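In order, the protein sequences belong to chains A and B.
Residue numbering for the first sequence follows our numbering, beginning at 1 and increasing consecutively.
Residue numbering for the second sequence follows our numbering, beginning at 1001 and increasing consecutively.
Working notes, beginning with the structure itself.
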Amino acid sequence: MFFNSLNLVATRIDHALTVPELLGPLAVAVVPAALLIHLLWTVSDYARAELTLRHDTHDPGVVATYVRTIAYVLRRPVTLVHGAVGWILFALVTIAYAYLAQGHPMYGAEGAVTLFVARQGVSLLRMAIRFGILAGQIELGRTRPLPPRRVEVKVDPKP
Amino acid sequence: MFGTGGARKTVTESDTPETGTWVCELVVQNTGVVHVPLEIELKFADGSTQRLRWDDRGTSNWSGSPSNAARPWSRVWLDPEGKIALDNPTTHHYRLDPDIGGRAAGQRVGRLVCTDPDADRGALMPRLGLGDLVGAGPKAVSRYTGTLLAVFVAQSIVAAICIIAVAVVLAQAFAHLPMFDEAVDGDLVALIYSLGHGKPSMLAAGGIVFSAVALWQLASWFLVGGNRRRARAAPRGSRRHGAVFRRERRSHLSHVREARAVLAPRLGRGGASCSSTP
């Protein structure tokens, strides 16, 4: 989808003379693919949450769970908005790091250690955001309709 | 099949032929401290009713099978005229058909508190909004800070090993070439020359990074799964963390049992358990 979208704006990109003229069509080309991958990621997240929540009691099938989750996510736009909030926070942290690191060259062993610490701090923030989004998905996943029960029932053998 | 051990016996259809009647049993319990006579109204499927009276002296529960009838019960109403104003009368009126009752109640209550139409029989489910979902994040992070830091430390170790390995590989090829320094500084031409000169080293560095990402991706399936299970179990305190990964058998019915246990003391003027078998 990304390459198809890119082909639609390829002419504008080829004839771009300034950075805004280049980034504008590129951003437009990215939007459909980004929305699709966001949908698929959200479906995957909620399906994994459902499999974890209902594994012991219902043992739902993986494929069936993913199919049901697609319908669930499409019926509940709040799932997509919630995931988008996480990605926006993720992007804000990244942009803030890039802004602060701009113009601060880090040479030598000391610079490498500083860079490592700074990057790991950014990584910790991103991980906390992801963890928080995951917690919200679990909260919503608890309220989902229960899947068909596939857990085997033990029956006493006949004497 | 009834009974256990040697007393077990099997009752077949021929042993209990269809008589066309229904055997209904009602148990009424006063869980409060005030004992007064109670009127009980039974409503049958055909719309007819029958009044019973329990003179509660605080000695035992009232249990009985008041009548054999060619019609099943549909409702049981304790104190139908509201003579005993000791507690909430909504707990005194029961439907015996859970399917019809659940749906009807769901439709009515849904106007007030939004039942979930997707849930089982339109059950009353909390309607979580965006604020609830976002708000769950800081709570989880503050509650499971140790888990988050443990995962972070594991990720940091993988990243550090990867960085050191890449640095060693690149040092083999570029330690004596100042042009690589210019490339790192942002000189595009120097970068292109360096990439062409140290292609094997670049491929090796790429392989290391790819392996680290693949390893982390594999590990994350277990880590994220553990986090989900942790969030699902919602234990408080580190002593219970180990129990999170044990098998849990909390089903939907267990929540119903818990709800009944919570509601039982509130019934005050008795709870009724009813069964109706053809």
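Heads up, the beta-carbon is just placed ideally off N, CA and C, and yes, glycines get one too.
Computed from a prediction, not measured in an experiment: that's the story for all the values here.
Comparing C-alpha positions only, which one of the options sits nearest to residue i?
{"i": "Val30(A)", "options": "Leu89(A), Val78(A), Met1(A) and Glu110(A)", "result": "Met1(A)"}
{"i": "Leu80(A)", "options": "Leu89(A), Trp41(A) and Thr114(A)", "result": "Trp41(A)"}
{"i": "Phe3(A)", "options": "Leu17(A), Val19(A) and Val28(A)", "result": "Val28(A)"}
{"i": "Glu1081(B)", "options": "Arg1095(B), Leu1177(B), Trp1062(B) and Glu1041(B)", "result": "Glu1041(B)"}
{"i": "His1176(B)", "options": "Arg1051(B), His1197(B) and Arg1095(B)", "result": "His1197(B)"}
{"i": "His104(A)", "options": "Ser1201(B), Leu1218(B) and Gly1186(B)", "result": "Gly1186(B)"}
{"i": "Leu22(A)", "options": "Ala98(A), Leu6(A) and Val93(A)", "result": "Leu6(A)"}
{"i": "Met106(A)", "options": "Leu100(A), Leu115(A) and Ala98(A)", "result": "Leu115(A)"}
{"i": "Val1158(B)", "options": "Leu26(A), Thr11(A), Leu140(A) and Ser123(A)", "result": "Ser123(A)"}
{"i": "Arg144(A)", "options": "Pro1178(B), Ser1142(B) and Leu1128(B)", "result": "Leu1128(B)"}
{"i": "Gly1058(B)", "options": "Asn1030(B), Cys1162(B) and Pro1178(B)", "result": "Asn1030(B)"}
{"i": "Tyr72(A)", "options": "Asp45(A), Ile95(A) and Ala91(A)", "result": "Asp45(A)"}
{"i": "Pro1026(B)", "options": "Arg1095(B), Arg1008(B) and Asp1046(B)", "result": "Looking at the sequence itself, residue 1026(B) is Leu, so the reference to Pro does not match. Selected option, being the one with the closest Cα: Arg1095(B)."}
{"i": "Leu8(A)", "options": "Gly24(A), Leu17(A), Leu92(A) and Thr65(A)", "result": "Gly24(A)"}
{"i": "Leu36(A)", "options": "Leu26(A), Val62(A) and Ile70(A)", "result": "Ile70(A)"}
{"i": "Ala1204(B)", "options": "Ala1173(B), Trp1077(B), Thr1049(B) and Thr1012(B)", "result": "Ala1173(B)"}
{"i": "Ala64(A)", "options": "Val43(A), Ile95(A), Thr18(A) and Leu140(A)", "result": "Val43(A)"}
{"i": "Asp1056(B)", "options": "Asp1046(B), Gly1047(B) and Leu1078(B)", "result": "Leu1078(B)"}
{"i": "Arg126(A)", "options": "Asp1132(B), Leu1130(B) and Val1151(B)", "result": "Val1151(B)"}
{"i": "Ala1045(B)", "options": "Leu1195(B), Val1076(B), Arg1143(B) and Leu1052(B)", "result": "Val1076(B)"}
{"i": "Leu1223(B)", "options": "Gln1155(B), Gly1135(B) and Ala1165(B)", "result": "Gln1155(B)"}
Does the CB of residue i have a neighbour CB from chain B at under 7 Å?
{"i": "Glu139(A)", "result": "yes"}
{"i": "Gly132(A)", "result": "yes"}
{"i": "Gln102(A)", "result": "no"}
{"i": "His82(A)", "result": "yes"}
{"i": "Ala71(A)", "result": "no"}
{"i": "Met127(A)", "result": "yes"}
{"i": "Ala27(A)", "result": "no"}
{"i": "Ala64(A)", "result": "no"}
Pull up the DSSP beta-bridge partners for residue i, would you.
{"i": "Leu1038(B)", "result": "Trp1054(B)"}
{"i": "Phe1044(B)", "result": "Trp1073(B)"}
{"i": "Tyr66(A)", "result": "For Tyr66(A), which the question treats as bridged, DSSP gives no partner whatsoever."}
{"i": "Thr79(A)", "result": "Per DSSP, none; premise fails for Thr79(A)."}
{"i": "His1093(B)", "result": "Trp1077(B)"}
{"i": "Thr1049(B)", "result": "Lys1043(B)"}
Applying a beta-carbon distance threshold of less than 7 Å, which residues of chain B neighbour residue i?
{"i": "Leu124(A)", "result": "Phe1152"}
{"i": "Gly136(A)", "result": "Leu1133, Val1134, Ala1136 and Gly1137"}
{"i": "Val93(A)", "result": "Neighbours of Val93(A) on chain B: none; closest Cβ ~14 Å, over 7 Å."}
{"i": "Val85(A)", "result": "Val1134"}
How close, in whole Å, do the beta carbons of residue i and residue j come, if the pair is a contact with beta carbons under 8 Å?
{"i": "Pro1072(B)", "j": "Trp1054(B)", "result": "About 22 Å separates the two Cβ atoms, so there is no contact after all."}
{"i": "Ile1208(B)", "j": "Val1169(B)", "result": "7 Å"}
{"i": "Pro147(A)", "j": "His58(A)", "result": "5 Å"}
{"i": "Ile138(A)", "j": "Ala47(A)", "result": "That belief does not hold up - the Cβ atoms of Ile138(A) and Ala47(A) are roughly 13 Å apart, past 8 Å."}
{"i": "Gly136(A)", "j": "Gly1137(B)", "result": "6 Å"}
{"i": "Ile133(A)", "j": "Gly83(A)", "result": "7 Å"}
{"i": "Ser1063(B)", "j": "Lys1043(B)", "result": "With a Cβ gap of about 19 Å, Ser1063(B) and Lys1043(B) do not count as contacting."}
{"i": "Val1034(B)", "j": "Asn1061(B)", "result": "The pair is not a contact, with the Cβ atoms about 15 Å apart (cut-off 8 Å)."}
{"i": "Ala1140(B)", "j": "Phe131(A)", "result": "6 Å"}
{"i": "Ala1190(B)", "j": "Met1179(B)", "result": "5 Å"}
{"i": "Ala118(A)", "j": "Ala101(A)", "result": "7 Å"}
{"i": "Leu140(A)", "j": "Leu1133(B)", "result": "6 Å"}
Just the chain B side, please: which residues come within less than 9 Å of residue i by C-beta, in chain order?
{"i": "Val78(A)", "result": "Leu1128, Gly1129, Leu1130 and Leu1133"}
{"i": "Val67(A)", "result": "What Val67(A) touches in chain B: nothing, since even the nearest Cβ is about 15 Å away."}
Going along chain A, which residues have a C-beta under 7 Å from residue i?
{"i": "Ile1157(B)", "result": "By Cβ distance, chain A contributes nothing, its closest Cβ being about 11 Å from Ile1157(B), past 7 Å."}
{"i": "Ile1163(B)", "result": "Phe116"}
Does residue i have its Cβ less than 7 Å from a Cβ in chain A?
{"i": "Leu1148(B)", "result": "yes"}
{"i": "Gly1137(B)", "result": "yes"}
{"i": "Ala1173(B)", "result": "no"}
{"i": "Ala1140(B)", "result": "yes"}
{"i": "Arg1121(B)", "result": "Only weak support exists for where Arg1121(B) lies, its pLDDT of 46 falling under 50; the coordinates are left without a value."}
{"i": "Ser1238(B)", "result": "Note that Ser1238(B) scores 46 on pLDDT, short of 50, meaning its location in the model is unreliable and no value can be drawn from it."}
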